[in-house]
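Right, one structure below, let's go through it.
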Amino acid sequence: MAQTATDPLTTLLQARGFLLADGATGTNLFNMGLMSGDAPELWNVEQPEKIEALYSAAVEAGSDLFLTNSFGGNASRLKLHGAEGRVRELNRAAAALGRKVADAALASTGRKVLVAGSIGPTGEIMEPMGSLTHDRAVAMFHEQAEGLKEGGADILWVETISAPEEYRAAAEACALAGMPWVGTMSFDTAGRTMMGVTSADMVKMVDKLANPPAAFGANCGVGASDLLRTILGFTAQAPERPIVAKGNAGIPKYVEGEIVYDGTPELMADYAVLARDCGASIIGGCCGTMPVHLRAMRAALDTRPRGERPSLDAIVAALGAFSSARDGTEAPGCGHDHGPRAGNAGGRRGGRRRG
Ligand SMILES: [Zn+2]
């Protein structure tokens, strides 16, 4: 089922030229008291006022869309919290709170904001490398998608995916739910996803889908510099679909056992403008991105002129060094290691979360 040009994301993007997405979910919820190891999705029913505050903060900072608190809301991940039987309920609640916030914003300011139903990875490895079958993955994503649809999400937003098999399963589930969708991958391993996908590979994969996304792109990963190199990798393939850039606020660093992000609002403002110059039209932040960053990004995108496609040197000068010398898209045979990351193939994503 192909997307039509009338899905709400495409319509809003055409009207506004570019869209500011939101920032981190996890980082903001930790600041509200969520403990490491807790399931954030349970807060959709146990602490709904905090989830509303999370969504409202993004809207008030100028976001044109925000993601629901449902990243880990699939049966496989919720099973870790004994909540695998609550997929529909928790996703419906995540989206319903979002609907409430978006409708209130429209009523009070006249500004339309989209509710994007977040769908993260299952946390399992798919066949043939792992044991999760395609049919089971589709069923899990579909169950989540139906909950988000029932709650009133405008669009589904698949994110932080590493495996092409999982991306395809999510695409199928979105078709079953009859919902338009966006899908981003996390390029966190020297320019590739943990499962070895390059930016160029992703463009080819997306173009072959029976149910292609309304937009595609990259989220999370390492730092903002790496993410923009991935965006340049997408645009080098001249994709026909809009590109999403949702980079972390600076570089993750361990400080006293915690992961912290060092990106300032000024850095994220520069990142946002550079992301647009790289060719992204839906721009937000991922881990570490707070309302103060979003506000700076909004102001920069609204006031600074568009520039030329930046060079890699310009990105490094503005945002800092890349985490790897190359991003895996170079022609084969150049003498560097471009093989699959076999050492990671059997690992789960573990506790790593978006936001
Ligand atoms: Zn992230």
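Residues in the sequence shown are numbered from 483 upward in steps of one, following this note's numbering. Using N, Cα and C, we set each Cβ at its ideal position, and we do this for glycine too. These numbers were taken from a predicted model, which means no experiment stands behind them.
What separation, rounded to the nearest whole angstrom, lies between the Cα atoms of residue i and residue j?
{"i": "Q764", "j": "V726", "result": "According to the sequence displayed, residue 764 carries Ile and not Gln. Approximately 5 Å between the Cα atoms of the pair."}
{"i": "G554", "j": "P522", "result": "8 Å"}
{"i": "L614", "j": "N693", "result": "21 Å"}
{"i": "A587", "j": "R593", "result": "6 Å"}
{"i": "A655", "j": "Q626", "result": "9 Å"}
{"i": "L547", "j": "L491", "result": "9 Å"}
{"i": "R711", "j": "G699", "result": "12 Å"}
{"i": "S681", "j": "L714", "result": "9 Å"}
{"i": "A652", "j": "L501", "result": "23 Å"}
{"i": "D489", "j": "G678", "result": "31 Å"}
{"i": "G629", "j": "L572", "result": "8 Å"}
{"i": "E738", "j": "A584", "result": "37 Å"}
{"i": "E531", "j": "W663", "result": "27 Å"}
{"i": "A800", "j": "K631", "result": "40 Å"}
{"i": "F804", "j": "S707", "result": "6 Å"}
{"i": "R498", "j": "N556", "result": "33 Å"}
{"i": "N510", "j": "M667", "result": "21 Å"}
{"i": "R618", "j": "M608", "result": "10 Å"}
{"i": "F512", "j": "S518", "result": "8 Å"}
{"i": "D520", "j": "E566", "result": "14 Å"}
{"i": "V620", "j": "D683", "result": "22 Å"}
{"i": "L536", "j": "Q529", "result": "11 Å"}
{"i": "H624", "j": "W639", "result": "13 Å"}
Since residue i and residue j should fall inside the 8 Å C-beta cutoff, what is the C-beta to C-beta distance between them, to a whole number of angstroms?
{"i": "G761", "j": "T811", "result": "Wrong, their Cβ atoms sit about 15 Å apart, outside the cutoff."}
{"i": "L560", "j": "V569", "result": "6 Å"}
{"i": "I637", "j": "A696", "result": "7 Å"}
{"i": "Y649", "j": "G665", "result": "6 Å"}
{"i": "A598", "j": "L549", "result": "5 Å"}
{"i": "G633", "j": "R574", "result": "4 Å"}
{"i": "L734", "j": "I741", "result": "Correcting the residue identity first, residue 734 is Pro in this sequence and not Leu. Confirmed, Cβ separation roughly 5 Å."}
{"i": "G705", "j": "G564", "result": "G705 to G564, Cβ: 36 Å. No contact."}
{"i": "E641", "j": "S590", "result": "The Cβ separation is near 29 Å, so there is no contact."}
Out of the options, state which residue places its alpha-carbon closest to the alpha-carbon of residue i.
{"i": "S538", "options": "I741, T615, R758 and V595", "result": "V595"}
{"i": "E790", "options": "M772, A778 and A757", "result": "A757"}
{"i": "T771", "options": "L495, T493, G508 and G634", "result": "G508"}
{"i": "P603", "options": "R618, S644 and A565", "result": "S644"}
{"i": "A540", "options": "L516, E571, G505 and L572", "result": "G505"}
{"i": "F669", "options": "D809, T493, G519 and L495", "result": "D809"}
{"i": "T675", "options": "L658, G703, A653 and A651", "result": "G703"}
{"i": "H616", "options": "P646, T785, F512 and V640", "result": "P646"}
{"i": "S545", "options": "K728, E738 and K735", "result": "K728"}
{"i": "T493", "options": "D683, V685 and P724", "result": "P724"}
{"i": "T785", "options": "L495, D752 and W639", "result": "D752"}
Tell me which same chain residues have a C-beta within less than 6 Å of the C-beta of residue i, skipping the five on either side of it?
{"i": "A672", "result": "S806"}
{"i": "I533", "result": "W525, N526, N551 and L579"}
{"i": "A731", "result": "Y743, G745, M750, G767, G770, T771 and H775"}
{"i": "M514", "result": "K532"}
Let me know the secondary structure DSSP gives residue i once reduced to three states.
{"i": "L502", "result": "strand"}
{"i": "P490", "result": "helix"}
{"i": "F669", "result": "coil"}
{"i": "A731", "result": "coil"}
{"i": "R723", "result": "coil"}
{"i": "E812", "result": "coil"}
{"i": "R593", "result": "coil"}
{"i": "G766", "result": "strand"}
{"i": "N573", "result": "helix"}
{"i": "M608", "result": "strand"}
{"i": "G629", "result": "helix"}
{"i": "F716", "result": "helix"}
{"i": "N526", "result": "helix"}
{"i": "A497", "result": "helix"}
{"i": "V742", "result": "strand"}
{"i": "F804", "result": "coil"}
{"i": "S644", "result": "coil"}
{"i": "F553", "result": "coil"}
Within its chain, find whatever has a CB closer than 8 Å to the CB of residue i; leave out the 5 residues flanking it on each side and keep chain order.
{"i": "A796", "result": "L756"}
{"i": "D689", "result": "P721 and E722"}
{"i": "L691", "result": "R650 and A653"}
{"i": "R581", "result": "V597, G633, G634 and A635"}
Which same chain residues, not among the five before or five after residue i, have their C-beta less than 7 Å away from its C-beta?
{"i": "D759", "result": "R788, G789, E790, R791 and P792"}
{"i": "A543", "result": "P773, L776, R777 and R780"}
{"i": "A754", "result": "I765, M779, A782 and L783"}
{"i": "L709", "result": "A700, G703, A727 and G729"}
{"i": "S558", "result": "T604, G605, E606 and M622"}
{"i": "V685", "result": "F716, Q719 and P721"}
When you measure from the CB of residue i to every non-hydrogen atom of ligand 3, does any distance come out below 7 Å?
{"i": "C768", "result": "Because ligand 3 does not appear in the structure shown, any question about it cannot be addressed here, the ligands present being ligand 1."}
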